[in-house]
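Down below is the structure, laid out as structure tokens.
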Amino acid sequence: FPIAINTVTGVHATPNQFLSVAKVYGASRTRILLSLVLPGALPFILTGLRLAGGRALVGMVVAEFTAAEAGIGFRLLIAGSTLQTGLLFALLTVLGVAGVLYSAGIKALDRRLSNWRPER
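Numbering (the working numbering), first residue to last: 155 to 274.
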């Protein structure tokens, strides 16, 4: 949902003046989509990906708490119930590193795909 909602918001954020100018110059619908709408919506799409990634990670762990017999969430549940604090913190560190790497990957993708924007 975060990706879809942010994508729709990004598409609707395209200024009508830009669309009108593109139509006046005879741009096709495909050309308008690829040259104008998609680059304008890209920051919104990447924000949706960043939000969805965090929620997906939490959802995976919660699902493994309740219904899995393997995985990090299951191991967290077992380590917590058997008071294995070392393993518990190691697994939480793995989850934290995975979240940081995912976020860094999205930021790198943003820098790579949004090189047309002025520096922030």
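Think of the CB as a built atom: it goes at the ideal place given N, C-alpha and C, for glycine as much as any other residue. Source: prediction; values computed, not measured.
Nearest Cα to P169 within the set S182, F198, A158 and L190: L190. Counting only runs that start and end inside the stretch 202-262, the alpha helix (DSSP H) elements of at least 4 residues fall at 226-235.
Setting aside the 5 residues that flank it on each side, F228 is surrounded in the same chain by E218 and A222, each with a C-beta closer than 6 Å to its C-beta; the list follows chain order.
S257 and I186 have their C-alpha atoms some 30 Å from each other. Using a Cβ distance threshold of 8 Å, L211 and G253 count as a contacting pair. Membership of A181 in any alpha helix (DSSP H) is not indicated, and neither H nor E is assigned to it by DSSP.
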